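In my numbering, the protein residues as written are 737 to 1313. Positions of the beta carbon are idealized from the N, C-alpha and C atoms, including for glycine. Since the model is a prediction, treat every value here as computed from it, not as a measurement.
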RNA sequence: GCCCCCGUAGCUCAGUGGAUAGAGCGGCUGCCUUCUAAGCAGAUGGUCGCAGGUUCGAGUCCUGCCGGGGGCGCCA
């Protein structure tokens, strides 16, 4: 484990409070919350008083008398009907800041380090990545970075759609237009027209349809020539995905690709295992498992179809094989599926069947990290099929173009190359933050101006705060932060200190709720508190050398927390903008 | 028909059962000879979809409605 980690203010106070509450009731919850009257408030005395049949203020007072917060809080008082208000001691805050400044921003892990498999992004071969892929890719990537930061071992899995019946038609289309032409089309990312043309031929041409069906059979039977053509489709598409990932600044690489086809060889054995465990039921010619609690429209049991009546395997089979593989081979403790909310029932069924088969359980947990849909102006889901989807790359390119425009307006002294790099950081940062900062499970209506806003609660606002701090240090070569605990006399300094020490809690709750928007909110509030400080507390022109050094320490830490936090979200923190 | 998610300011959204529900955007008032105005300060803006219930206390938990989205056997 790490030698030194930042203090988690919330957990420290909670543990001290629990000790004091325990004198009256060992199981009492202090109900610690942030407060606008103090730094924190404990509300637990009210519920406890009710349970004990006593006066709440009296109970609160009694708890207060048992509280040991020497050196942590400078003021603890009972207020209102029985709230316990806690104000942190400035010298305690200062000491923790100084420690963070010398020892770094490592955060304490909650519980033992785990091996976590994160399944995200999963685009489909020969299909365009559209704005709908943004959510899984960005949220999944941020969660991976955050988990790793907390000391967990992260295994990224990009479960790409590289198998199934559509490949018959895609391969036939590839043959029709010629291999080199197809490779060209796919590599430049013109996947939409490729897929649509294949689809159009399939729908319009009986002969093509028949060839496609035969091609699927050849593919599944392992025909070498067919596999070779299939590999062209996969390789060109993956090359294109990597291009998008590079633009997006996502940590996925070829090593993380574990497509559906990866499990092909496992599927017969998987079916056999289910059969031996007595879970398999034949229904209308298909091999199914009926997990309890799932019903159809007609209230009849709903099957998870493992093997179709034609002998083929569907996605349920590969999803089950993936669970089995992740637990068996990868030894995962935890599996996160960053998958859209509409697939909730399907995943719940897979998890249920995996539990029935004994693949899940024994401390292995699979969780659906669901996210809401991206909707069009008509409030319906944006879908590739409907032809109204927006290409992910178009969004990214537009974002960078708008950021470049904004930068050019500011007559910056940056060279062309750095200007372009900053434009990328700002544009992509805006898009990522716009997505990450909305509550995960909520649907949102796609809006260019919202995704590409650079003002207010946006990625660029956070980057701007960071860049302003860098500018202070750039301006003065002699700018040295204090090596000692800073005085925190001004309220803006004190507010900033409390905000800076909120990082561990922000990271912890982000992981607990698998909610990057919590980290976004924290960073936005930190940046806002900093900006107030920046407006009202001169740094380089502070009245004394000591004050200047103290404020430089606050600046330096703020820049570090912002850069770290943005990094955890997968957003760059340029030094100028 | 059944199940899941969502409903908070004009718009987009935060809000772990606690005190007076918060931001941003748009609109209104101010602020760049002073460390980056992608900023700051201020004012305005709310029957938290509706109705019951649980609770000392409900935007938050429960039930029922209304509205929106999604899912419900061989597509992924």
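For residue i, the nearest candidate out of the options (CA to CA)
i, options, result
"residue 1036", "1027, 1042, 1043, 1044", "1027"
"residue 1329", "922, 741, 935, 1056", "As displayed, the chain neither begins before 737 nor continues past 1313, which places residue 1329 out of reach and without an answer."
"residue 1014", "868, 752, 1092", "1092"
"residue 1118", "870, 825, 905", "870"
"residue 740", "843, 951, 1257", "843"
"residue 1214", "1265, 1145, 743, 1285", "1285"
"residue 1085", "1052, 1078, 1101, 1097", "1052"
"residue 841", "1236, 1291, 980", "1236"
"residue 1207", "1238, 1149, 1253", "1149"
"residue 923", "976, 884, 872", "976"
"residue 875", "1264, 1220, 857", "857"
"residue 761", "888, 1233, 781", "781"
"residue 1256", "831, 1278, 1169, 1139", "1169"
"residue 1311", "934, 1210, 919", "1210"
"residue 1130", "979, 1060, 851, 1203", "979"
"residue 928", "878, 861, 914", "861"
"residue 1308", "822, 792, 1197, 746", "1197"
"residue 991", "1103, 920, 896", "896"
"residue 1069", "1088, 905, 1100", "1100"
"residue 973", "1078, 931, 1201, 1061", "931"
"residue 891", "882, 859, 925, 853", "853"
"residue 775", "754, 801, 873, 826", "826"
"residue 1159", "1199, 935, 1281", "1199"
"residue 1011", "1125, 1268, 1104, 1089", "1089"
"residue 815", "850, 771, 838, 998", "771"
"residue 1008", "996, 995, 1025, 997", "1025"
"residue 1220", "1098, 1242, 839", "839"
"residue 1006", "961, 971, 1054", "1054"
Assigned secondary structure, residue i (DSSP; H/G/I helix, E/B strand, else coil)
i, result
"residue 1215", "coil"
"residue 1301", "helix"
"residue 866", "strand"
"residue 845", "coil"
"residue 1193", "coil"
"residue 1253", "helix"
"residue 1265", "helix"
"residue 1031", "strand"
"residue 1312", "coil"
"residue 880", "helix"
"residue 806", "coil"
"residue 1286", "helix"
"residue 1224", "coil"
"residue 1278", "coil"
"residue 839", "helix"
"residue 1291", "helix"
"residue 744", "coil"
"residue 875", "helix"
"residue 1121", "Here the model assigns residue 1121 a pLDDT of 43, short of 50, so the residue's position is not dependable, and the following value carries that caveat. It is coil, neither helix nor strand."
Where the alpha helix (DSSP H) containing residue i begins and where it ends
i, result
"residue 776", "Not the alpha helix (DSSP H): residue 776 falls in the beta strand (DSSP E), residues 776-778."
"residue 760", "That residue, residue 760, is in no alpha helix (DSSP H); it is neither H nor E in DSSP."
"residue 1247", "1239-1248"
"residue 904", "902-913"
"residue 1231", "1227-1236"
"residue 801", "792-802"
One or two residues paired with residue i in a DSSP bridge
i, result
"residue 897", "860"
"residue 892", "854"
"residue 769", "777"
"residue 1049", "1043"
"residue 1127", "866"
"residue 1037", "1031"
Segment limits, beta strand (DSSP E) that includes residue i
i, result
"residue 1040", "1040-1043"
"residue 1022", "1022-1025"
"residue 809", "809-815"
"residue 1018", "1017-1019"
"residue 820", "819-824"
Ignoring anything shorter than 4 residues, give me the alpha helix (DSSP H) runs that lie fully in the segment 917-953, in order along the chain. 927-940
Could you tell me which whole alpha helix (DSSP H) segments of length 4 or greater appear in the segment 1060-1119? 1080-1092
List in chain order: all unbroken alpha helix (DSSP H) runs of 4+ residues lying wholly within the segment 943-1012. 960-984, 1003-1012
At 4 residues or longer, and completely inside the segment 1129-1208: list those alpha helix (DSSP H) runs for me, N to C. 1152-1172, 1184-1187
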